[in-house]
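**Q** Listed in order, the protein sequences are those of chains B and V.
With this note's numbering applied, the first sequence corresponds to residues 7 to 123, in that order.
With this note's numbering applied, the second sequence corresponds to residues 7 to 123, in that order.
There are 2 protein chains.
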Amino acid sequence: MAIVKRLAEVPPRDMSNGTDVVGVLKRVLIGPADGAPTFAVRLFTLAPGGNTPAHTHPFEHGVVVLRGTGTVLTPNGRVPIGEGTTVFVPPGEHHQFQNTGPGPLEFLCVIPVGYET
Amino acid sequence: MAIVKRLAEVPPRDMSNGTDVVGVLKRVLIGPADGAPTFAVRLFTLAPGGNTPAHTHPFEHGVVVLRGTGTVLTPNGRVPIGEGTTVFVPPGEHHQFQNTGPGPLEFLCVIPVGYET
Numbered sequence: 007m008a009i010v011k012r013l014a015e016v017p018p019r020d021m022s023n024g025t026d027v028v029g030v031l032k033r034v035l036i037g038p039a040d041g042a043p044t045f046a047v048r049l050f051t052l053a054p055g056g057n058t059p060a061h062t063h064p065f066e067h068g069v070v071v072l073r074g075t076g077t078v079l080t081p082n083g084r085v086p087i088g089e090g091t092t093v094f095v096p097p098g099e100h101h102q103f104q105n106t107g108p109g110p111l112e113f114l115c116v117i118p119v120g121y122e123t
Numbered sequence: 007m008a009i010v011k012r013l014a015e016v017p018p019r020d021m022s023n024g025t026d027v028v029g030v031l032k033r034v035l036i037g038p039a040d041g042a043p044t045f046a047v048r049l050f051t052l053a054p055g056g057n058t059p060a061h062t063h064p065f066e067h068g069v070v071v072l073r074g075t076g077t078v079l080t081p082n083g084r085v086p087i088g089e090g091t092t093v094f095v096p097p098g099e100h101h102q103f104q105n106t107g108p109g110p111l112e113f114l115c116v117i118p119v120g121y122e123t
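(1) Per DSSP, what kind of secondary structure is Asp26/B in: helix, strand or coil?
(2) Could you pull the start and end residues of the beta strand (DSSP E) that Asn57/V belongs to?
(3) Could you give the C-beta distance for Pro55/V and Asn105/V, rounded to a whole number, given that I count them as a contact under 8 Å?
(4) Cβ atoms of Phe45/V and Val71/V: under 7 Å apart, would you say?
(5) Closest Cβ-Cβ distance between Lys11/B and chain V: below 7 Å?
(6) Could you confirm whether any beta carbon from chain B is found closer than 7 Å to the beta carbon of Ala126/V?
(7) By the DSSP assignment, the beta strand (DSSP E) with Glu1/V in it spans what residues?
(8) Do Pro64/B and Phe43/B count as a contact pair if the criterion is CB distance below 7 Å?
(9) Chain B beta carbons: is any one of them nearer than 7 Å to that of Gly68/V?
(10) How many whole angstroms separate the CB atoms of Leu31/V and Asp20/V, which I take to be in contact at a CB cut-off of 8 Å?
(11) With distances taken Cα to Cα, identify the nearest neighbour of Gln102/V among Leu79/V, Arg33/V and Phe50/V.
(12) On the DSSP bridge list, what partners appear for Leu79/V?
(13) Could you give the C-beta distance for Gly74/V and Gly88/V, rounded to a whole number, given that I count them as a contact under 8 Å?
(14) Consider the Cβ of Thr80/B: report whether some Cβ of chain V lies at a distance smaller than 7 Å.
(15) Looking at Val116/B: is its Cβ nearer than 7 Å to the Cβ of Val27/B?
(16) Would Gly120/B count as contacting chain V if we go by Cβ distances under 7 Å?
(17) Could you tell me which chain B residues have their CB closer than 9 Å to the CB of Leu35/V, listed as they occur along the chain?
(18) Looking only at its chain, what residues have a beta carbon closer than 8 Å to the beta carbon of Pro38/V, apart from the 5 residues adjacent to it on each side?
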């Protein structure tokens with residue numbers, strides 16, 4: 007059966023760890039708990055000055071920026087992102103998202119469902 | 007290498023067919039042309055009064071509504087959707103998206119990449 011949610015109903019999880027993850031909230035919009043067979047859709051909210059870890063993993067990211075401004079780290083350096091930017095990070099590539107703006111940076115990040123924990 | 011796109015750079019494809027698909031533009035934000043291995047991310051824009059086909063297929067949809075108001079057809083009838091609504095349509099379930107508002111209805115729709123044509 008179709009599952010319809012409002013974003014406001016999805017509780018955030020604070021991913022900040024005091025070291026390399028700063029000011030990061032995550033909401034799993036579609037994931038294993040919904041019986042999703044292939045991919046998971048997550049919403050990330052980075053506070054001003056916040057960042058995800060600079061890391062590498064064997065799966066890809068499909069990112070769509072909904073709000074705010076920031077950068078994504080790529081092998082060619084940091085590239086500006088903002089509302090309406092789409093980023094495909096291929097498997098095995100080093101990357102990091104940073105909020106460089108005055109307000110929240112919100113983006114959707116899709117991954118293969120088996121990696122959503 | 008990471009692929010960074012602005013939505014304005016992605017050309018729309020008019021999916022309208024004069025019968026059961028009305029006022030539907032599709033943009034493939036992440037898909038086979040990007041080397042995406044698992045999933046494709048598409049942006050759909052439905053004009054006022056527009057609708058996708060009422061149909062069933064063997065793969066799931068992961069939908070996030072970005073703008074506008076409409077409905078999604080489910081086995082329990084039509085459910086209202088709007089900005090910030092997330093819809094998971096499981097494989098094999100009959101469904102349709104309709105724009106019931108005065109402006110465009112925009113939503114992201116993620117599918118397994120093998121079904122993106």
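Backbone N, C-alpha and C fix where the C-beta goes; we use that ideal spot for every residue, glycine too.
**A** Concretely, from the data shown:
(1) Look at Asp26/B here: in three-state DSSP terms it is coil, with no helix or strand label.
(2) In the DSSP annotation of this structure, the continuous segment of the beta strand (DSSP E) that includes Asn57/V starts and ends at Phe45 to Asn57.
(3) In the sequence on display, residue 55/V carries Gly and not Pro. About 6 Å; that satisfies the 8 Å criterion.
(4) Contact check for Val71/V against Phe45/V fails: the beta carbons are separated by 7 Å or more.
(5) Closer than 7 Å to the CB of Lys11/B there is at least one CB belonging to chain V.
(6) No information on residue 126/V is available, as it lies outside the stretch 7 to 123 that chain V covers here.
(7) It is not possible to answer for residue 1/V, since the shown part of chain V is limited to 7 through 123.
(8) Checking the sequence, you will find Pro at residue 43/B rather than Phe. No, these two residues do not count as a Cβ contact at 7 Å.
(9) Answer yes: the Cβ-Cβ gap between Gly68/V and chain B drops below 7 Å somewhere.
(10) Right, their Cβ atoms sit about 6 Å apart.
(11) Residue Leu79/V is the option with its Cα nearest to Gln102/V.
(12) According to DSSP, Leu79/V bridges with Arg84/V and Gln102/V.
(13) 7 Å between Cβ atoms; contact.
(14) For Thr80/B, the answer is yes, since a Cβ of chain V falls inside 7 Å of its Cβ.
(15) At a Cβ-Cβ threshold of 7 Å, Val116/B and Val27/B do not count as neighbours.
(16) Contacts with chain V at 7 Å (Cβ-Cβ) do not include Gly120/B.
(17) Going along chain B in sequence order, the residues near Leu35/V (Cβ under 9 Å) are Gly68, Val70, Thr92 and Phe94.
(18) Ala46, Val119 and Glu122, listed in sequence order.
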